[in-house]
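These notes concern the structure reproduced below.
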Amino acid sequence: MIYRTFISRLLLNYFIGSITAVAGVGGLMIFTTLDISTREYLWLVLVLAISLCFMVSLEWTVFRIHIKPVKMAFQQDICDYPQLQRIYIRLHQLPSLAVKRILGPHLFGLSVPAVLLTQWLIQSGRLSFPQRYVILAILGALLVAAMHAMIEFFLTSYAIRPVLEELQRMSRRRFSRELSLGGQVLISIRQKFKWGAFLIGAFPLLLYGIALQLRIGDLQNAGVEYWKWAGYILIVALGFAFFGAWLLTRDVEIPIQHLYECMAEVKEGNLNAQANDMFSDEFSKLVSGFNHMLSGIKAQSNLNNQLIESYFATLAAALDARDPYTAGHSLRVADYAVQIGLLAGLSSERVDALRKSALLHDIGKIGTRDSVLLKEGRLTDEEFEQIKQHPAMGESILRQIEPADAMAPFLPGVRSHHERFDGKGYPDQLKGEDIPLFGRIIAVADAFDAMTSNRPYRKGLDADHAIRILEEGRGTQWDPYYAGLFVEDYRKRKKQGEYAG
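Just so we're aligned, residue 446 is where the sequence shown starts under our numbering, counting upward by one.
Have a look at this one:
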């Protein structure tokens, strides 16, 4: 039903446009401007009728080719989403195809037979008007076809909308997916506006000029001076129409481009990309609405970030609360890791991910039995093997959190923070730079806090002693670069009095 209505509307639009353009404008020029006999008028009507038959036959063939993919969507059971997507794109292309059809088979299907038949009638003596009338008729046909193409473009754009909506419903029903152009621009608003405004301005002028030439063609005073004057007027008028269309197009294009640039920034994650309210027309409302929407997104993003921060901090606090001797360990390791990340020149986004990874680096210990985790004496080999499982267990726990892609940046640091630079660590015995970056940084931060923290079975080392151990272990247990950054920064800060020693 929707497809039949759509085709009927397209054909009605085309019929009205063709009758208006060919019979209306063309007939007006022929029957009101030419001073010829009734017999010659009848010959011209016959030429027009034969040419229309050629035009309709040729254009109908091309139209069926253009509409065939859309017809398939309603007469066949489409079981392939990509195929439906291609039909969706073709439907969007129909307005542009209508323009090509009218400037192609429509124009030539009418003009070529008409010119050939008219030339034959002139040569056979059945028509008595001069050859330049044929040239003017060709120019008039081109002008009328261009105006008809513009009208057909917009009428087709309106006609396809119900069909687009039906294809969307079909896609959601069959494939649970949305159809989309994905940001693809099939015809720019710049082209539509520029050529539309130009034709609107130029059409009446050119049509009047052609009709005037037909009307005064036999007058003796239409000499060289007249043609110079007419040429100047025509050039100035067409130049004004083109320049006015360009100005009007630019006035619409600038705010759209500005909003597009702001949208691109938001897409890249910049929620501070406010659009500048520098327009006094309806675009001012659009800019205001965009900024209001962006403010809401920013507020929601800030709330989400606060919830995520609270989530990470709560997990770290819950873990540290199991053992009073390691209370605050995760927070301190996160601070040290951030310190190293900043020294290494990591971006703010990577430093933030590093901090969250460090907060959760020991989350796998949740799965370790209290008798092992809270044991006050030294661990047996078997108990230590249980402890060594916590990096892999931590990664496994975090993999259960949705959305998975949001947790993915933190997994390498959690799994690899006990790997050694010489390949003797666990759980994967990775070596050197095969160890993920976050794992190498957190390993330094974790070791320093572990060495300087008190345990039931030993007193924590002083910071200087721990720093010496870190320095000695550069290149064997720890990454020499990141351990070196931490050691150098510690000594620099101590020299400035920031560490008591």
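Note that beta-carbon positions come from the ideal geometry of N, C-alpha and C, so glycine has one too.
Checklist entry - Since Arg800 sits in a beta bridge, which residues does DSSP pair it with? => result The partner list for Arg800 (beta bridge, DSSP) is empty, contrary to what the question assumes.
Checklist entry - Taking the C-alpha atoms as reference points, what is the distance between Ala911 and Ala851? => result For the pair Ala911 and Ala851, the Cα-to-Cα distance works out to about 35 Å.
Checklist entry - Distance, Cα to Cα, Phe508 vs Arg454? => result 14 Å
Checklist entry - When we look at the beta-carbon of His774 and count the other beta-carbons within 10 Å, is it buried (16 or more) or exposed? => result buried
Next on the checklist: Short of 7 Å in beta carbon distance, which residues of its chain neighbour Gly942, apart from the five on each side in sequence? Order them along the chain.
Outcome noted: Counting only Cβ-Cβ distances below 7 Å, and skipping sequence neighbours, we find nothing.
Checklist entry - Under the three-state reduction of DSSP, which class applies to Arg919: helix, strand or coil? => result strand
Item to check | Host alpha helix (DSSP H) of Arg777 (start-end) | outcome: 774-788
Next on the checklist: So the candidates are Glu917, Glu485, Ala849; which of them puts its Cα closest to the Cα of Leu562?
Outcome noted: Taking only the C-alpha atoms, the option nearest Leu562 is Glu485.
Next on the checklist: With a threshold of 8 Å, are at least 3 pairs of Cβ atoms found where one atom belongs to the region 855-863 and the other to the region 795-811?
Outcome noted: yes
Next on the checklist: Applying the 10 Å Cβ sphere with the 16-neighbour rule, what's the burial state of Phe931?
Outcome noted: buried
Checklist entry - What do you get for Lys801, buried or exposed, if any count of 16 or more other CB atoms within 10 angstroms of its CB means buried? => result buried
Next on the checklist: Rounded to whole angstroms, what is the Cα-Cα separation between Glu610 and Thr694?
Outcome noted: Answer to the nearest angstrom: the Cα atoms are 29 Å apart.
Checklist entry - What is the DSSP secondary structure of Gln941, counted as helix, strand or coil? => result DSSP places Gln941 in the coil class of the three-state scheme, outside both helix and strand.
Checklist entry - What did DSSP end up calling Asp924 once you bin it into helix, strand or coil? => result coil
Item to check | Sequence-distant residues of the same chain with beta carbon closer than 7 Å to Ala789, five excluded per side | outcome: Tyr927, Leu930
Next on the checklist: Pairs of beta-carbons, one from the region 565-584 and one from the region 617-627, closer than 8 Å: are there three or more?
Outcome noted: no
Checklist entry - Is it true that the CB of Pro540 sits closer than 8 Å to the CB of Thr601? => result With contacts defined as CB atoms closer than 8 Å, Thr601 and Pro540 qualify as a contacting pair.
Item to check | Length of the line joining the Cα atoms of Asn899 and Leu906 | outcome: 8 Å
Item to check | Alpha carbon of Gly786 to alpha carbon of Glu878, nearest angstrom | outcome: The straight-line gap from Cα to Cα measures roughly 16 Å.
Item to check | Beta-carbon proximity check, Val796 vs Val778, cutoff 8 Å | outcome: If you check the CB distance, Val796 and Val778 do not come in under 8 Å.
Next on the checklist: Quick check on DSSP: helix, strand or coil for Glu710?
Outcome noted: helix
Next on the checklist: Starting from Met595, trace the alpha helix (DSSP H) in both directions and tell me its first and last residue.
Outcome noted: 577-604 is the span of the alpha helix (DSSP H), which, as asked, contains Met595.
Next on the checklist: Taking the beta carbon of Ile886 as the centre, do at least 16 other beta carbons fall within 10 Å, making it buried, or is it exposed?
Outcome noted: buried
Item to check | Inter-residue spacing [alpha-carbon to alpha-carbon] between Leu529 and Pro857 | outcome: 41 Å
Item to check | Simplified DSSP state of Gln719, which is helix, strand or coil | outcome: coil
Item to check | Contacts around Phe519, its chain only, beta-carbon distance under 6 Å, and the 5 residues preceding and following it disregarded | outcome: Only Tyr448 meet the Cβ criterion.
Item to check | Neighbourhood of Leu612 by C-beta, 8 Å cutoff - its chain only, sequence neighbours within 5 removed | outcome: These residues qualify, in order along the chain: Ala518, Leu529, Ile532, Tyr533, Leu536, Leu624.
Checklist entry - Taking Gln636 as the reference, which of Arg614, Phe598, Val608 has the closest Cα? => result Phe598
Checklist entry - Is Ile596 near Gly462, with beta carbons less than 8 Å apart? => result yes
Checklist entry - Mind checking whether Asn736 and Gln751 have CB atoms under 8 Å apart? => result Contact flag unset, no.
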